[in-house]
Structures are given as C-alpha cells and as structure tokens.
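> Going letter by letter, the sequence shown gives residues 0 to 527 in numbering that gives the first Met the number 0.
Quick reminder that beta carbons are idealized off the backbone N, C-alpha and C, glycines included.
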Amino acid sequence: MIPLLTSDQMRALDAYAIKDIGIPGMILMENAARGVLDVIEEEFDDVEMLSVAVICGPGNNGGDGFALARHLHLRGADVDVFLLCEKKDLKGDALTNFKLLEPLGIEPLAWNEETASMALTDYDVVVDALFGTGTVRAPEGVYEDVIEAICDAPGLVIAVDVPSGVDASTGHVPGMAVRADITVTFQCAKSGLLLPPGCDYTGDLIVSPISIPECEDILAAAPLALPEEDDIFDLLPSRPRDAHKGDFGNLLVIAGSRGMSGAARLVAMAALRTGVGLVKVAVPESIRSEVADYRPEIMTIGLPESANGTVISSAIETLQPYLEWADVIAVGPGLGQDPDTALFLGSLFAGTKKPFIIDADGLNLIAAHGLLKLLPHDAVLTPHPGEFERLAGKKFEDFYTRAVAARDFAKTHGLTLVLKGAPTICFDAHGFGIINNTGNPGLATAGSGDVLTGIIASLRAQGLLPHAAAWVGAFLHGRAADLAVEDLGEASLVAGDVVAALPAAFLSIENRDDEEQGEHGSSSGYGH
C-alpha cells in the first residue's frame, strides 16, 4: 500500500530526515536531482544531444532545479537555467546549489520581457522547478506568465515534485498551473497528485526515493493510500483443492423492478464472476422469468409487487427464510422509488444484522425516507456524487470538498463509503481512504455501478472485511474495464463487457510479473 502524504506530512518527513536522522539537506536535494535525471535518461537515449530549460523558483524546489542543471551539464546537455527571483532571495541548500553553477560556466537567466520573448519553444525538455509542495494560492505576475509559457512549450514538460500551481495536498488548482507530461515526486506520492483536478496536471507520476528512512508515525497518519497489485493478490480469496460452493459464501441480491431486470442480472453475474459460491436474486414476480432465463447459474425468488412492478412492504415476509440463508445482502439497483419499497427497506434493515452492500435506488430511498439510522455499522454504501449529495443533504462545489464530506460521513455513521468517480475513493469507518487508480471513461455507462455492487458483495460474502471488499472490488472493476477497452474502445464499452472481462482481471493479478506491473501501475509509476 502506498501512503499519499499531504504537504505538511512531507515537510515533517523532511524534518525527520534532517533533524532526527541527521541527513544533510544537500544530500536530499542531490538525490532529488539525480531522480529527475534518471527519468530524463530513461526518456532520451542521448542526453548530450538535449537542450533543456530549467525554470527555478526561490525555495528548495528551485534548489532541486539548480542541482539537476549541474548534472545535465556534466552529461553534456545544453542547459539554460531561468531564475524567477533575485539572487539575494536564495538561501540555504538552494543557494549552495546555485553557487555550484558558476564554476561550470552556467549563468542563470532572469525571466524578463527579453527572455520571455524567447519563450520556451526551442527546448527538448522544460523542467518546472518553481514551487514544489508549497503552492496554496493562484500564481500571479511573472509566475503566471512563466507557467503559461511552460504550458505552451512543445518539448517534454517535467514537473519537479509537484506541478507548479497545484495544491499538493488537495489537488486544488486556484489559477494557472503547469500541465506536466511527467511529474517526478520525491520519496512519497502526494495526495493532490491523485485527486482532481490536480491529477489532470500531473501527467505520468513517478515516485523517486531520496533515501529517507521510513517513519511509521508519519506514514501511518497518511489520510489516503493507493493499493498495489500485491495488496490485491494478498486479499483475493484462496480456492483450496477440496473446496465446495458453500465455502465461498451465499449472496442474496434484492434488485430490479418492471423494466429494470437488467440491474438484477448484472449484479448477479458480476458476483458469480467474482467467485461467490451461490447467488439468489429476489425480484418482483413479474420479472422473475427475465432474470431466471438469463443465466442458469442464477437462482431467483419472486416477490410481491405493486401495480407499477416495484417491491412492496409485504415482501419482507417472503424473504424471511432467505435472510437466514444469506451471508451478505446486496440491495438497491433498479428498485425504483415507490414509498412502499421504502417501507420494505426499513423492515429489511431493522429485521436482520447481516452485512449489506447498498447502491442506486437503495441509497435514494434511504436518503428520502430517513432510513440511515437503521443500517448496521458494517454496511457498505456505493454512491455516485449525486447519490452522495442526497445522502448528505447538501451539494458540494468540487471533488475535494465532496471527498472530505464522504470521509466525515463514513466516520459519523460507522460504515464503509465508496464514493464513485474519477477516481473512486473508498473510506472506512475511521475515515481512512483508499484511492482506486484503475478504470477509464468507458465506465460512464448504464449498469456499471450494478457490476461494482456485485463485485463488492461477492468479495464480502467470501469473507473480506467491508473496507477491503470495497477497495479490492473497485480495483478489479476498473482493471476489468481497462482490459475490455483494449479490444472494444471506451465508447463501445457496456456493463456486460466489464463482467465478461472479470476473469482476465483476476488472471492479471494472479499472474502478475514485473512487466505487467510496469504496464498497469506500480510503486514507482502511475499513469494518468
């Protein structure tokens, strides 16, 4: 699991390395510069043939840039350093690295009207070493001008630690910001590089170690984390040689209404493809045959229904024996919004303490009829942004404020909340969030959420704890979509294609190797 630190936590980690461990800041700066150099050497065969512009600000980020310029010069590259402050404003390790340029004949250029007219059009590589993790407000004046020039540069744009103009903690972009092709961040990934809109400015994210020893207290306090393939593999239910279907859980799915039988079918098939032993699907009697005839593996239960084909409150009596049978209950997709269905849900939540996975209409009925207080504490809720706003009773201006509210909601109500989006974040009952970095825009299609519900419910029925079932499920859901679009493309992806790709998603984890990790994401690189 990769911890995602805030700016304050990264500063604390730097202080720990320098003050507590005794590593000189110059060594950390040197390691940072070498990390960026390694990336450039990976991208280009002949560094000595490159022309590179390094744009340096007044702080330690600028110091990283000065050190990088020195290394590039020694490799034979043609390097120009643009200084975005007065020399007298430099201090500490940044000043030391600045002074090391002079013996090499590197004379930094001031960014003014004359140099601005040159722009950055003639460089193979443009390095953003302006602000680093310190950005919290919109760049102004000359800083705004130079960021605009970096964005217009045709060469490869590499951001040092964080693209200038992006809040490293929140991903907020208050004004102009560098759109990097590659961001080389140091020691630990920063949360703002994985959160929108900051993630849209990050490009390919590479984490470069700078030899800071681990500090468990700081890493354990990270509010967010990113899973690796090994984390997924470690949690996938094993399949013993002598296993039988009863070893892999019983799942009861309560879903569908007239005209919405597809929701129930998608949940059930996703659950089966994720390995659950048995699935029984409870639907209004009028659509039972549609579900039963879909796949022979799906067992069905017909429920009493309204004239409109929605589940009615008396259906709870029909379900009683199946509630005892079930290990986990998935409820909500396609149920409709009938008030009598809300009465049914209230009786369901009050009448059993079995684990619930709740999505779609189930969430909307909870929000509209005040049913939240009836949920058991180990419930998993899977809202998209609109559904979460209905649960929370308010609208949110941006992704970050919605995510913070989702975190607080999960803590307040003692449940797991899967805030679906790009990216999806899974919060546990303590407010810790795991970001999912699989998936693609093809998932913006009808039934995609039903598939996710089935995957999570299946994993929960096989014994995973609520939060683990949520984030492992989100990962597999996205991985299946990523594999499916390789053949189908994003525009043509439908929910059933995601279900069909689940076996390949499992195999990609079970048969993972170094090549696959490089392709799909690892601890050192994340594609956006």
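Could you tell me the alpha carbon to alpha carbon distance between Ala409 and Ile433, rounded to whole angstroms?
About 13 Å.
> Could you tell me if Leu506 is buried or exposed, where buried requires 16 or more neighbouring beta carbons within 10 angstroms of its beta carbon?
Leu506 is exposed by the Cβ-count criterion.
> Just to confirm before moving on: does the CB-CB distance between Leu451 and Ala473 stay below 8 Å?
Yes, these two residues count as a Cβ contact at 8 Å.
> Decide if Met48 is buried, meaning its Cβ has at least 16 other Cβ atoms within 10 Å, or exposed.
Classification for Met48: exposed.
> Consult DSSP for Thr134 and reduce its assignment to one of helix, strand or coil.
Reduced to three states, the DSSP call for Thr134 is coil.
> Going by CA-CA distance only, name the one from Asp481, Ala341 and Val290 that's closest to Thr309.
Nearest C-alpha to Thr309: Ala341.
> So, Leu344 versus Leu362, is the Cβ gap smaller than 8 Å?
Contact flag unset, no.
> Cα separation between Arg272 and Asp358?
One C-alpha to the other measures close to 19 Å.
> So the alpha helix (DSSP H) Phe348 belongs to, where does it begin and stop?
Per DSSP, Phe348 belongs to the alpha helix (DSSP H) from Pro338 to Gly350.
> Identify, in the order they occur along the chain, each residue of the same chain with its Cβ nearer than 6 Å to the Cβ of Arg33, setting aside the five sequence neighbours on each side.
Here the set comprises nothing.
> Quick one: measure Cβ to Cβ for Ile146 and Ala176, integer angstroms, because I've assumed they're closer than 8 Å.
Their Cβ separation, rounded to whole angstroms, is 7 Å, which keeps Ile146 and Ala176 in contact under 8 Å.
> Report yes if the C-beta distance between Tyr321 and Ile297 is below 8 Å; otherwise report no.
Their beta carbons are not under 8 Å apart, which means Tyr321 does not touch Ile297 by this criterion.
> Going by DSSP, what residues sit across from Phe395 in a beta bridge?
Answer is none; Phe395 lacks a bridge partner.
> Can at least three beta-carbon pairs, one atom from the region 0-7 and one from the region 181-188, be found at a separation below 8 Å?
Cβ pair count under 8 Å is three or more, so yes.
> In chain order, which beta strand (DSSP E) runs of at least 3 residues are fully inside the region 23-79?
DSSP runs (the beta strand (DSSP E)) wholly in the region 23-79: 50-55.
> Compare the beta carbon distance of Val126 and Val206 with 8 Å and say whether it is the shorter of the two.
In this structure, Val206 does not lie closer than 8 Å to Val126 by Cβ.
> Quick check on Pro208: buried or exposed, where buried means 16 or more other Cβ atoms within 10 Å of its Cβ?
Classification for Pro208: exposed.
> So what does DSSP say about Gly301, is it helix, strand or coil?
Three-state result, Gly301: strand.
> Which residues in the same chain as Leu501 place their Cβ atom closer than 8 Å to its Cβ, once the five residues preceding and following it in sequence are excluded?
Ala269, Arg272, Thr273, Ile454, Leu475 and Ala479, listed in sequence order.
> Considering Gly91, what are the terminal residues of the beta strand (DSSP E) in which it resides?
Careful: Gly91 lies outside any beta strand (DSSP E), inside the alpha helix (DSSP H) at Gly91 to Lys98.
> Considering only DSSP beta bridges, list what Asp127 is partnered with.
Asp127 pairs with Ile54 and Ala158.
> Between the Cα of Ser313 and those of Ser288, Asn307, Leu347 and Gln336, spot the shortest distance and give me the residue it belongs to.
Nearest option by C-alpha distance: Leu347.
> Below 6 Å CB to CB, which residues in the same chain sit around Arg178 once its five sequence neighbours on both sides are set aside?
Result list for Arg178: Cys150 and Tyr200, in chain order.
> Measuring only the C-alpha atoms, how far is His429 from Arg406?
The alpha-carbon atoms of His429 and Arg406 are separated by roughly 8 Å.
> Quick check: Asp449 and Val266, are their CB atoms within less than 8 Å of each other?
Yes, these two residues count as a Cβ contact at 8 Å.
> Given a cut-off of 8 Å on the beta-carbon distance, is the pair Val124 and Gly154 in contact?
Yes.
> Please report how far the alpha carbon of Leu442 lies from the alpha carbon of Ala504, in whole angstroms.
Cα to Cα, the separation comes out at about 15 Å.
> Would you list, in sequence order, the uninterrupted beta strand (DSSP E) runs of no fewer than 3 residues that lie entirely inside the region 392-468?
415-418, 424-426 and 432-434, all fully within the region 392-468.
> Nearest to Ala499 by alpha carbon, out of Ser447, Gly462, Asp88 and Pro57?
Among Ser447, Gly462, Asp88 and Pro57, the Cα nearest to that of Ala499 belongs to Ser447.
> DSSP on Val172, reduced to helix/strand/coil?
Coil.
> For Pro562, which of helix, strand or coil comes out of DSSP?
Outside the modelled stretch of the chain, which goes from 0 to 527, sits residue 562, for which no answer is possible.
> Per DSSP, what are the beta-bridge partners of Asn249 in this structure?
Bridge partners of Asn249: Leu277.
> Taking just the CA atoms, how far does Leu223 sit from Leu12?
So the two alpha carbons sit approximately 16 Å from each other.
> Mind pulling the beta strand (DSSP E) runs of 3 or more residues that sit fully within the region 212-249?
Here the runs fully enclosed are 223-225.
> My output table needs one value for Leu108: the three-state DSSP class, helix, strand or coil.
Strand at Leu108.
> What residue range is occupied by the uninterrupted alpha helix (DSSP H) comprising Val165?
Premise fails: Val165 is in no alpha helix (DSSP H) and is neither H nor E.
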